[in-house]
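One structure is given below, encoded as structure tokens.
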Amino acid sequence: MTSPIFIALRRLRPPLLVLIAVYAVGIVGFVLIPGQDAEGRPVPMSIFHAFYFITYTASTIGFGELPHAFTDTQRLWATVVIYLSVIGWAYTIGALLALGRDRGFRQALRRETFEREVRRRAEPFFIVCGYGETGALICAGLDRSNLRFVVVEVDEARVAEVDLAGYTASTPAIQGDARLPENLLAAGLRHSRCRGVLAVTDDDEANLAVAIAVRLLNPRIPVLARARSEEVADNMRSFRTDHVINPFTVFGEYLSLLLRAPRVYELLDRLVGSAASPETTDRLPPRGHWVVCGYGRFGREVVECFDREGLDLTIIDPDPPADADRPVVRGTGTNEAPLRAAGIERAVGIVAGTDNDVNNLSIAVTARSVKPDLYVIVRQNHTANAALFQAFGADYTVVSRAIVAEHCIALVRTPLLAPFIARVTRGDEAAGVTALERLEAVAGTQRTTAWSIRLSAAGAAAMHRALMLDHASITLGALLRDPAARERPLHALALLLARDEATTLLPPDDTELRAGDELLLAGTNAARERLQQTLDNENVRDYVLLGRDIPGGLVWQRFGRHAPSA
Amino acid sequence: MNVEKVVFAFFIVLAATLNFGFVYGDIDDPTHHDIYELFGAVVVNLVATVLKFGDRTQIGAVHLATSLVAVLQLVIASVVWAYAAHVGGGLDPATTASVVSLSAGALLANFVSLTLLVAETVSLRR
Numbered sequence: 011m012t013s014p015i016f017i018a019l020r021r022l023r024p025p026l027l028v029l030i031a032v033y034a035v036g037i038v039g040f041v042l043i044p045g046q047d048a049e050g051r052p053v054p055m056s057i058f059h060a061f062y063f064i065t066y067t068a069s070t071i072g073f074g075e076l077p078h079a080f081t082d083t084q085r086l087w088a089t090v091v092i093y094l095s096v097i098g099w100a101y102t103i104g105a106l107l108a109l110g111r112d113r114g115f116r117q118a119l120r121r122e123t124f125e126r127e128v129r130r131r132a133e134p135f136f137i138v139c140g141y142g143e144t145g146a147l148i149c150a151g152l153d154r155s156n157l158r159f160v161v162v163e164v165d166e167a168r169v170a171e172v173d174l175a176g177y178t179a180s181t182p183a184i185q186g187d188a189r190l191p192e193n194l195l196a197a198g199l200r201h202s203r204c205r206g207v208l209a210v211t212d213d214d215e216a217n218l219a220v221a222i223a224v225r226l227l228n229p230r231i232p233v234l235a236r237a238r239s240e241e242v243a244d245n246m247r248s249f250r251t252d253h254v255i256n257p258f259t260v261f262g263e264y265l266s267l268l269l270r271a272p273r274v275y276e277l278l279d280r281l282v283g284s285a286a287s288p289e290t291t292d293r294l295p296p297r298g299h300w301v302v303c304g305y306g307r308f309g310r311e312v313v314e315c316f317d318r319e320g321l322d323l324t325i326i327d328p329d330p331p332a333d334a335d336r337p338v339v340r341g342t343g344t345n346e347a348p349l350r351a352a353g354i355e356r357a358v359g360i361v362a363g364t365d366n367d368v369n370n371l372s373i374a375v376t377a378r379s380v381k382p383d384l385y386v387i388v389r390q391n392h393t394a395n396a397a398l399f400q401a402f403g404a405d406y407t408v409v410s411r412a413i414v415a416e417h418c419i420a421l422v423r424t425p426l427l428a429p430f431i432a433r434v435t436r437g438d439e440a441a442g443v444t445a446l447e448r449l450e451a452v453a454g455t456q457r458t459t460a461w462s463i464r465l466s467a468a469g470a471a472a473m474h475r476a477l478m479l480d481h482a483s484i485t486l487g488a489l490l491r492d493p494a495a496r497e498r499p500l501h502a503l504a505l506l507l508a509r510d511e512a513t514t515l516l517p518p519d520d521t522e523l524r525a526g527d528e529l530l531l532a533g534t535n536a537a538r539e540r541l542q543q544t545l546d547n548e549n550v551r552d553y554v555l556l557g558r559d560i561p562g563g564l565v566w567q568r569f570g571r572h573a574p575s576a
Numbered sequence: 007m008n009v010e011k012v013v014f015a016f017f018i019v020l021a022a023t024l025n026f027g028f029v030y031g032d033i034d035d036p037t038h039h040d041i042y043e044l045f046g047a048v049v050v051n052l053v054a055t056v057l058k059f060g061d062r063t064q065i066g067a068v069h070l071a072t073s074l075v076a077v078l079q080l081v082i083a084s085v086v087w088a089y090a091a092h093v094g095g096g097l098d099p100a101t102t103a104s105v106v107s108l109s110a111g112a113l114l115a116n117f118v119s120l121t122l123l124v125a126e127t128v129s130l131r132r
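Here the protein sequences come in this chain order: C and P. Those letters in the first sequence? Residues 11 to 576, by the numbering used here. Those letters in the second sequence? Residues 7 to 132, by the numbering used here.
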């Protein structure tokens, strides 16, 4: 990319040449025209005096006629020089102002500022590619979790919105195509603090390009990509993309889980949940006959999920596919006739899943007026319509963008969460239920979150030292104690232990910890902060593990050592 | 043939020749060194410098640097001359020598510029 200085120099070339020419011609003229001294003797003007005269005349200062009063010939030439120099300066200043407003120049300037800001990053950060609705939700979530990020977005107007969003930390944003590796590199792809890349543009191909670029240019950082089509998703997986997120599949899995194992769904909601979590009522989706309106990508996912769970359903779509070997009604579902044709009277629930928010609401309202106790799942396409959906109050409002955003944040913030979710949703549902029961036992109804810790020198300095140098034997149960009063347990529990490639679900309290272990924990935010103290601070650690209240300062440590142990 | 290249080469060569013309002669003899030639050298060197603006190649950067050196030397020489002629009361051999040696330094920079020009042209096999 061109440096702004070079652009400026190149643009200012013509005006500067004109200015030099004007000065040179003016000086030559004065030197050639003879002047007169006070006694009327002809005196040639020196180059120095000519330069001086032109300098103050051209800048419109005008000290008068120097060194002697001018002859009329000289005055004639001075008039010419004044006009020439005014034109020369006007041209130069005009070019300078135009340069300041020039789009390319300003872009180059912005880019340079961006690159400098990224280079100087001292805190870990993520690269978010694409600042659409999903990107903005992800950024807001990362900001809430106190994580830093930089944004690459192709649309200039969206880039401007990053500045207006008012994130807590300065957020460099660049206008550029994320498919181009140079933009990713400028955003700090190879920066030592870069913790991961989130490819969430609206274009599957662009996300794929980002995933590939990250794998090739910096293989050690994780990449998360959104893919709407299965082919692109497969392609991404073949490039070892760490997390591939398809908004509709994610929703389909949640819905299956809600139907099959509502308790596990509740657990995930408590671990992943944030302000953006899907709006649900306490009702569970009933089993029976369902009506699905809209057979697009969303509808297909819903139908697939219902098929998996063995539910009976009828599709309503204005243009139903010929291959569907199930009852299909042609129409939109916004009026009663197609709904009745689809058997709304005997149905237990309806899914309003078209890609038009107004139609979805209309379907839901009509269906409820026909049968008030229907379980209503409604799809919200645009964040801007949130107020309408809230006012309607469906049993389950699906905001696919929010699902993607929330999922992405949870995955990048808590690396161990993905394997845990995979295990409790595919096979180990019983463990999930146990986890939820234990979580309810330790945290009650308080807001909970999931986080991971690593017993390494960087993430848990004091604990790592105890394990490595003192060869202490520390059990998980001993670790999860309150640093304020060690007889009380922390409001937290361990969900997963990762050690040497193997993972253990719900490790028991007597598990001995080893240096390098990774733990996925769930609990309240307060518990998270307290546990971090135990991990980082040696005095807190010794109190929690051994019950010794060790004096902090050097002097007291010396006395304390000689005191008889009680 | 490219008009831009002709103009570019013209000004670089003219800058060097004018500079040489001014320096040529006994170093401390004011009559050997025409001040108008120095003026011409300053103007042409300024034009040559501006023409080199905005070239991002390595050779373009060196070109610009040599021109900036030449302009700097020539401007200092002009200031020394202006001071001697108008404040110090005429050019004596000592001041003439210092004006000429300053512009001789500029000449060296201009020779480097010329060499670059020739090297660039020779490496261009068209």
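The beta carbon of each residue, even a glycine, is placed where N, CA and C say it ideally should be. Computed from a predicted model, the values in this text were never measured in an experiment.
* Asked: Of the residues C:Tyr66, C:Ala79, C:Ala243, which one's Cα is nearest the Cα of C:Pro52?
  -> C:Ala79
* To do: Please state if the CB of P:Ala115 and the CB of P:Thr63 are separated by a distance shorter than 7 Å.
  => no
* Are the C-beta atoms of P:Phe117 and some chain C residue less than 7 Å apart? -> no
* Neighbourhood of C:Glu548 by C-beta distance below 6 Å, restricted to the same chain and skipping five residues each side -> Ala472
* Asked: How many Å lie between C:Asn245 and C:Asp527 at the Cα?
  -> 32 Å
* To do: Could you list the residues in the region 457–478 of chain C with a C-beta less than 8 Å from some C-beta on chain P, going in chain order?
  => none
* Asked: Taking just the CA atoms, how far does C:Pro382 sit from C:Glu450?
  -> 33 Å
* **Per-residue contacts from P:Ala88 into chain C (C-beta, under 7 Å)** => Phe58
* Determine the DSSP secondary structure at C:Arg509, reduced to helix, strand or coil. => strand
* Grouping DSSP H, G and I as helix and E and B as strand, with all else coil, what is C:Tyr553? -> helix
* Between the C-alpha atoms of C:Leu506 and C:Ala432, what's the straight-line distance to the nearest angstrom? -> 12 Å
* Asked: Starting from C:Ser462 and walking both ways along the alpha helix (DSSP H), at which residues does that stretch end?
  -> It is not in any alpha helix (DSSP H) - C:Ser462 instead sits in the beta strand (DSSP E) that spans 459–464.
* To do: Pick out the complete beta strand (DSSP E) segments inside the region 512–537 of chain C, 3 residues or longer, and give them in chain order.
  => 512–515, 528–533
* Can a CB atom of chain C be found closer than 7 Å to the CB of P:Phe26? -> no
* To do: State yes or no: is the C-beta of C:Leu323 within less than 7 Å of the C-beta of C:Val338?
  => no
* **Reduced DSSP category for P:Glu43 - H, G, I as helix; E, B as strand; rest coil** => helix
* To do: Starting from the N-terminal side, write out each stretch of the alpha helix (DSSP H) that is 4 residues or longer and does not extend beyond the region 189–224 of chain C.
  => 191–196
* **C:Ser284 - DSSP class collapsed to helix/strand/coil** => In this predicted model, C:Ser284 has a pLDDT of only 47, less than 50, meaning its place in the structure is not dependable; the value taken from the coordinates is given anyway. Three-state DSSP puts C:Ser284 in coil, outside helix and strand.
* Asked: Applying a beta-carbon distance threshold of less than 7 Å, which residues of chain P neighbour C:Ala34?
  -> Val49
* Asked: From C:Tyr406 to C:Ala167, what does the alpha carbon distance come to, in whole angstroms?
  -> 33 Å
* **contact_flag[the region 120–135 of chain C, the region 63–78 of chain C] where n(CB pairs < 8 Å) is 3 or more** => no
* Asked: Nearest chain C C-beta to P:Phe16 closer than 7 Å, yes or no?
  -> no
* Give the DSSP-derived three-state secondary structure of C:Arg51 in the structure shown. => coil
* **Same chain, Cβ closer than 6 Å to C:Arg307, neighbours up to 5 away in sequence not counted** => Phe258
* Terminal residues of the beta strand (DSSP E) in which C:Gly359 lies -> 357–362
* Compute the distance between the beta-carbons of P:Ser109 and P:Val29, then report whether it is under 7 Å. => yes
* Kindly indicate which three-state DSSP category C:Gly45 falls into: helix, strand or coil? => strand
* Asked: Taking the C-alpha atoms as reference points, what is the distance between C:Leu503 and C:Pro14?
  -> 55 Å
* What in chain P is Cβ-close to C:Ile231, meaning under 7 Å? -> Those within 7 Å of C:Ile231 in chain P number zero; the least Cβ separation is about 32 Å.
* Is any beta-carbon of chain C found at less than 7 Å from that of P:His38? -> no
* What is the C-beta distance between C:Glu522 and C:Ile484, in whole angstroms, given that I count them as a contact (C-beta under 8 Å)? -> 7 Å
* **Residues of its chain near C:Ala579, where Cβ-Cβ distance is below 7 Å and the 5 sequence neighbours each way are ignored** => An answer regarding residue 579 of chain C cannot be provided, because it is not within the stretch 11 to 576 covered by chain C.
* Asked: What is the DSSP secondary structure of C:Asp173, counted as helix, strand or coil?
  -> helix
* Asked: Between C:Ile325 and the rest of its own chain, which residues show a CB-CB distance below 6 Å, the 5 nearest in sequence each way excluded?
  -> Val302, Tyr305, Val338
* Confirm, please, whether the CB-CB distance from C:Cys315 to C:Gly262 is below 7 Å. => yes
* To do: Whole angstroms is fine: what's the gap from C:Phe61's alpha carbon to P:Phe45's?
  => 10 Å
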